[in-house]
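Since the structure comes first, as structure tokens, the remarks are kept for the end.
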Amino acid sequence: MRGKTPAPGTDRSADRATARSAVAVSVAALITAAALFGALAPKGAALEGPLINNINIALR
């Protein structure tokens, strides 16, 4: 039984458009999440982690 791979020379523009749309939605979601975090984070929020060692963020 053969797999369902497209024949050579077929148009894959619909697949590319779908992939671009998915990437655009993902980027928009990340930007929205970052904006919400910035709006909801308390002033002087501290980030701590293995690479970030207690760096304070001064939100203005």
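So the sequence shown is residues 51 to 110, counted in this note's numbering.
For glycine and all other residues, C-beta sits at the position ideal for the given N, C-alpha and C.
Item, Value
"Asn66: first and last residue of the uninterrupted alpha helix (DSSP H) it sits in", "Here residue 66 is Arg; the residue named in the question, Asn, does not match the sequence. Unbroken alpha helix (DSSP H) run through Arg66: Ser63 to Leu90."
"Neighbour flag for Gly88 against chain B, beta carbons, 8 Å", "Judged by its chain identifiers, the structure shown contains no chain B, having just a single protein chain."
"Euclidean distance between Cα positions of Gly88 and Ala78", "15 Å"
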